[in-house]
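Taking it in order: structure first as structure tokens, then the write-up.
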Amino acid sequence: MGFYKILRAGLMGLVLPVSVGTLAPGIASAEVLRVLNGSASTTLNVPMNRAVVVETDQPFAELSIANPGIADISTLSDRSIYVLGKTPGRTTLTILSPEGRLIANVEVQVTPDIAEFKERLRQILPGEPIEVRTANDGIVLSGLVSSIEKLERALELASRYAPDRVSNLMSVGGTQQVMVKVRFAEMRRSVAKSLGTQFNLNPNLGNRWAGSGTANNALTASRGQMNINFFGSSQLGFSVMIEALESQGMVRTLSEPSLTTLSGQEAKFLAGGEYPIPVSSRDGVSIEYKPFGVELNFTPYVLDGGVINLQLNAAVSGIDSAVTVGLAGGLSVNAFRRRETSTTVEMRDGESFAIAGLLQDDFRDAKGQVPWIGDIPILGALFRSADYQREQSELVIIVTAHLVSPTRGEALALPTDRVRPPSERELFLYGQVVGGQSTRPQTGAAGEVARQDFSGPYGYVMD
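Written as structure tokens, this is what we have:
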């Protein structure tokens, strides 16, 4: 009798894979789990969109699944059950005998189909040592990938098989620290010229001077104004005031902030201060602080081939004392002059981009005159005034990115290495404000940096 049971079990093992393929088109084969009455059954692992066959050692009469949304069941015979995984999760399959007795409670765990995912991962990212595991109803990725771009591709592919259930334990190899240097260079040049004439006629001016029929001339000049007074007879006098003013100015602004961060991590830099601004509220007047200075905010991504994707936001701001806003209570606040850029660029190690540029030319020309008289040739110049103003500015923002790695501390030079405080002898006897022997390094890369000076040509010319 035992021989017939063994033969029957063997025939069922040969027949079931064929029957499953016939009943479920599109699924080539299915695993088989045998459940014995009275013994504890192992967990039934079912890949999503795949099937597993459950066999019992005795006929069953009733089946139930706790959560039909996770797995679907159907009967192949009175001893075979077809379980199809639908969505990741855990549920329980209950099997009852014709007498209503419990044959078994089978724990069904539906997991993402990592076999197909592994195959697609090898096709999309060949040569990347990425390990794939399942954890509960999610996917766990681990290993060392060559770039952040490939890491993101692996995570995107995994999210299609297990949406919102992907755990990333991968790390990126190679140099992934990026140093960004941003150079702000701005030149502003202004020219203003004005020429005006004022004519005054005083009938009684001559009474102040002794002598009739004499002419006295007085010439004074102060701060761009030239007064010429002509006096005729004691009954009539007139004066002419000529005002001429010319001013020129030039402003040079240069800032070079540098900052280092890890690939994919945001870095922020601010060198400046905070300006207090009074703000009125129901409780009175409160103070809010507005930051100003040199601001740098960027996020780098190191891609394949050493390409650096850089998302950058840089700004230079300062207090503009020429524009003032008056507030209640006699308070006043100044405006801000701000230059800001926000962009995304790609470059290689050591390359530079001029990410922003501005050339601005403001011109104003105004003329005032006495009606009709100012149009008289030559003589009309005494009754006219002219005002000429021109402002030119040019701004360039250049960004440079480098892949960097840590170095030894003695290879770095500090700004304080260039100078040494003088001794009492050097200060009081020789009048030296800087010590004669500097402690700065003399050799290597640090010595080269320490020998740099601020001397050199500078200036700006605009036609």
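Residue numbers for the sequence shown follow our numbering, so the first one is 810 and each next one is one higher.
All C-beta atoms, glycine included, are put in the ideal place defined by N, C-alpha and C.
All of these numbers come straight from a predicted model, not from anything done at the bench.
Practice item. For Lys990, collect the residues of the same chain with a Cβ closer than 6 Å to its Cβ; drop the 5 residues on either side in sequence, then sort them by chain order. Key: Excluding sequence neighbours, Lys990 sits near Ser1067, Thr1209.
Review point. Is the number of C-beta pairs between the stretch 1176-1183 and the stretch 952-971 that are closer than 8 Å three or more?
Key: no
**Study point:** Alpha carbon of Pro1224 to alpha carbon of Ser1064, nearest angstrom
**Key:** 16 Å
Check your understanding: With distances taken between CB atoms, is the gap from Asn854 to Thr920 smaller than 8 Å?
Key -> yes
Review point. How would you label Tyr970, buried or exposed, when you count the other beta carbons within 10 angstroms and need 16 or more for buried?
Key: buried
Practice item. Please go through the stretch 911-958 and give each complete alpha helix (DSSP H) segment of 4 or more residues, from N-terminal end onward. Key: Correct list: 923-933.
Practice item. Would you give the residue range spanned by the beta strand (DSSP E) that Asp1158 belongs to? Key: First-last for Asp1158: undefined, no H or E at that position.
**Study point:** Contacts around Val1060, its chain only, beta-carbon distance under 6 Å, and the 5 residues preceding and following it disregarded
**Key:** Arg997
Review point. Do the stretch 1139-1159 and the stretch 1187-1194 meet, that is, are 3 or more Cβ pairs less than 8 Å apart?
Key: no
Check your understanding: Can you tell me whether DSSP reads Ile1207 as helix, strand or coil?
Key -> strand
Exercise for review: Would you check if the distance between the CB atom of Phe1107 and the CB atom of Ala1076 is smaller than 8 Å?
Suggested key: yes
Review point. Mapping DSSP to helix, strand and coil, what is Gly830?
Key: Because Gly830 sits at a pLDDT of 32, beneath the cut-off of 50, its placement in the model cannot be relied upon, and the point is left open.
Check your understanding: Taking the alpha-carbon positions, what's the Ala963 to Arg974 distance?
Key -> 14 Å
Check your understanding: For Glu995 versus Ser1161, is the C-beta spacing smaller than 8 Å?
Key -> Result no, Cβ atoms of Glu995 and Ser1161 do not sit closer than 8 Å.
Check your understanding: Considering Lys1077, what are the terminal residues of the beta strand (DSSP E) in which it resides?
Key -> 1076-1090
Exercise for review: Confirm, please, whether the CB-CB distance from Gln986 to Thr1069 is below 8 Å.
Suggested key: It is a contact, given that the beta carbons lie within the stated cut-off.
Point to revise | the stretch 906-921 / the stretch 943-953 touching (three or more Cβ pairs under 8 Å) | key: yes
Exercise for review: Counting only the same chain and skipping the five closest in sequence on each side, list residues whose C-beta sits under 7 Å from that of Ile1280.
Suggested key: This structure leaves residue 1280 out entirely; the chain is present only between 810 and 1272.
**Study point:** One or two residues paired with Asn1122 in a DSSP bridge
**Key:** Asn1106, Ser1151
Check your understanding: Thinking just about the alpha-carbon of each residue, which of Ala1175, Gly909, Pro856, Leu930 is nearest to the one in Gly898?
Key -> Pro856
Review point. Got a sec, what are the start and stop residues for the beta strand (DSSP E) Val862 sits in?
Key: 860-865
Exercise for review: Find out if the Cβ-Cβ distance for the pair Leu978, Leu950 is shorter than 8 Å.
Suggested key: yes
Practice item. Return yes when the Cβ of Arg1234 is within less than 8 Å of the Cβ of Gly1244, no when it is not. Key: no
Review point. Just the Cα atoms here: how many angstroms apart are Glu1155 and Met988?
Key: 14 Å
Check your understanding: Distance, Cα to Cα, Gln1169 vs Glu1200?
Key -> So the two alpha carbons sit approximately 8 Å from each other.
Practice item. Sort out for me which residues DSSP pairs Thr884 with in a bridge. Key: Ile890
Review point. Anyone know if the C-beta pair for Tyr1098 and Ile1128 falls short of 8 Å?
Key: If you check the CB distance, Tyr1098 and Ile1128 do not come in under 8 Å.
Practice item. If I'm right that Arg1148 touches Ala1163 with Cβ under 8 Å, what's the distance once you round it to whole angstroms? Key: Between Ala1163 and Arg1148 the Cβ distance is about 14 Å, and since that is not below 8 Å, they are no contact.
Check your understanding: Nearest-angstrom Cα distance between Leu934 and Lys927?
Key -> Those two C-alpha atoms are separated by around 10 Å.
Check your understanding: With burial defined as no fewer than 16 other Cβ atoms inside 10 Å of the residue's Cβ, what is the status of Pro1109: buried or exposed?
Key -> buried
**Study point:** Under 8 Å between C-beta atoms of Leu1157 and Gly1115
**Key:** Here residue 1157 is Arg; the residue named in the question, Leu, does not match the sequence. Going by C-beta atoms, Arg1157 is nearer than 8 Å to Gly1115.
Review point. What did DSSP end up calling Met857 once you bin it into helix, strand or coil?
Key: strand
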